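A.B. asks: The sequence shown lines up with residues 77 to 353 when you count with my numbering.
Using N, Cα and C, we set each Cβ at its ideal position, and we do this for glycine too.
Here the structure is a predicted model, which is why all the values come from computation and not from measurement.
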Amino acid sequence: MKLGLIGYPIAHSLSPWIHSKLMEQQQVNGRYELYEFNPDQFNQNVSNLKHSDIDGFNITVPYKEAIMPFLDELDVSAQQLGAVNTVKRTNQGWVGYNTDGTGFVDSLKNRYPDQLSGGTKVLLLGSGGAAKGIYHSLLTENLAVVDVANRTVQKAEELVRKNQTSIMSQPLSLEKAERDMGKYDVIIHTTTVGMSPHVDESLVSMHNMKKGCIVSDIVYRPMETRLLKEAKAQGAYLHFGHEMLLQQAVYAFKIWTGTNPNALKLLDEFEKKLKGV
Ligand code: ATR
77 MKLGLIGYPI AHSLSPWIHS KLMEQQQVNG RYELYEFNPD QFNQNVSNLK HSDIDGFNIT
137 VPYKEAIMPF LDELDVSAQQ LGAVNTVKRT NQGWVGYNTD GTGFVDSLKN RYPDQLSGGT
197 KVLLLGSGGA AKGIYHSLLT ENLAVVDVAN RTVQKAEELV RKNQTSIMSQ PLSLEKAERD
257 MGKYDVIIHT TTVGMSPHVD ESLVSMHNMK KGCIVSDIVY RPMETRLLKE AKAQGAYLHF
317 GHEMLLQQAV YAFKIWTGTN PNALKLLDEF EKKLKGV
């Protein structure tokens, strides 16, 4: 199979490593290559790719929306989010999917199987593209509350306006979220704050969180962000960004190949790779 990743810049992407391991695990013959397209050549390069024999690809920053005019069909996940991270070639042409949200939620459920249920109260930090996917997937779970806090509160308001479920959902400022953090069972950070090289930064203080809550950060470089370190010191259970990354890759691989790889089997090896051991 001919697979790959489109984005810019992507030289340090971990996707080729993950997909070569998945091919090995599932005994699929193929290659996963990087297509680092310059913004001024994006349209031409994608047109060329469309005439090639590529079977599927991932698409990342900054092209998750720009790819859409080239697609022939959209899965509901991509329609809902207006963004695509996985494309598969079929007899009908290119079909776009978005596995961001389900990848996140399922990786959280893999680690903490009983926590996303019943009366669970969730706080989502951030309102960008990543938050959007995660928010929509959270709304399909049986939860009591999913509040959204963002620096620009207006963007959090726009997000919660889309909620058509019976789950309670309020937009919050970051200050209010910090103050009221003790009422949440699960706290999910979705912005880029704290990402390497800005490892000393953290979007909010975790001072008021409830001991024993789950704190998740989608940032995976560094593996343990400042936010996660603070949360751990306060007695939180942690969920890491690389777990989401791996689960998303598994979903894309499943879409392309029809196989059912086991993400957990690869997790230890992936952690060693990230730690550089
Ligand atoms: P992506 O699509 O990768 O999620 P994005 O759409 O630019 O990226 O969203 C980035 C998110 O990180 C937003 O929630 C943004 O807050 P604003 O909506 O107020 O811009 C948040 N963010 C980025 N840098 C930030 C910073 N220095 N402080 C607070 N929030 C920040």
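Would you grab the beta carbon distance between Ser213 and Val181 for me? Rounded to a whole angstrom, and I think it's under 8 Å.
C.D. replies: 4 Å
A.B. asks: So, with DSSP's three-state summary, where would you put His265?
C.D. replies: strand
A.B. asks: Say the cut is 7 Å; is the CB of Leu279 nearer than that to a heavy atom of the ligand PLP?
C.D. replies: What this structure holds is the ligand ATR, not the ligand PLP.
A.B. asks: Identify, in the order they occur along the chain, each residue of the same chain with its Cβ nearer than 7 Å to the Cβ of Lys308, setting aside the five sequence neighbours on each side.
C.D. replies: Annotation for Lys308: Leu314 place their beta carbon closer than 7 Å to its own, counting only its chain and skipping 5 residues before and after.
A.B. asks: Who are the Cβ neighbours of Val229 in its own chain at under 6 Å, not counting the five residues just before and after it?
C.D. replies: Pro247 and Ser249
A.B. asks: Report the option in Gly132, Gln310 and Ser272 whose CA atom is closest to the CA atom of Met282.
C.D. replies: With distances taken between Cα atoms, Met282 lies closest to Gln310.
A.B. asks: Tell me which residue opens and which closes the beta strand (DSSP E) that His315 is part of.
C.D. replies: Tyr313 to His315
A.B. asks: DSSP puts Met320 in a beta bridge; with which residues?
C.D. replies: Met320 pairs with nothing; no bridge assigned.
A.B. asks: Less than 7 Å separating the Cβ of Lys231 from some heavy atom of the ligand ATR?
C.D. replies: yes
A.B. asks: Quick check on the burial criterion: 16 or more other C-beta atoms within 10 angstroms. Buried or exposed for Ala103?
C.D. replies: Looking at the sequence shown, residue 103 is not Ala but Gln. The residue in question, Gln103, is exposed, as its Cβ has fewer than 16 Cβ neighbours within 10 Å.
A.B. asks: For Thr136, which residues in the same chain have their Cβ closer than 6 Å to its Cβ, ignoring the five residues on either side in sequence?
C.D. replies: Gly83
A.B. asks: Identify whether Gly169 lies in helix, strand or coil by the three-state DSSP scheme.
C.D. replies: Three-state DSSP puts Gly169 in a strand.
A.B. asks: Which of the three DSSP states, helix, strand or coil, is assigned to Lys64?
C.D. replies: What the structure shows of the chain is the stretch from 77 to 353, and residue 64 is not part of that stretch, so it cannot be assessed.
A.B. asks: May I ask you to verify whether the stretch 254-270 touches the stretch 188-202, counting CB pairs closer than 8 Å and requiring at least 3?
C.D. replies: yes
A.B. asks: Is the stretch 173-190 touching the stretch 148-156 in the sense that three or more CB pairs, one from each, lie closer than 8 Å?
C.D. replies: yes
A.B. asks: Using C-beta distances below 7 Å, list every residue in its chain close to Asn336, excluding the 5 sequence neighbours before and after it, in chain order.
C.D. replies: Answer for Asn336: Lys330, listed in chain order.
A.B. asks: Could you check which residue in Glu319, Met285 and Met320 has the C-alpha nearest to that of Leu303?
C.D. replies: Minimum Cα distance to Leu303 is reached at Met285.
A.B. asks: Work out the CA separation of Lys341 and Asp131 for me, nearest whole Å.
C.D. replies: 25 Å
A.B. asks: Considering just the uninterrupted stretch of the alpha helix (DSSP H) at Ile94, what are its terminal residues?
C.D. replies: Ser91 to Gln102
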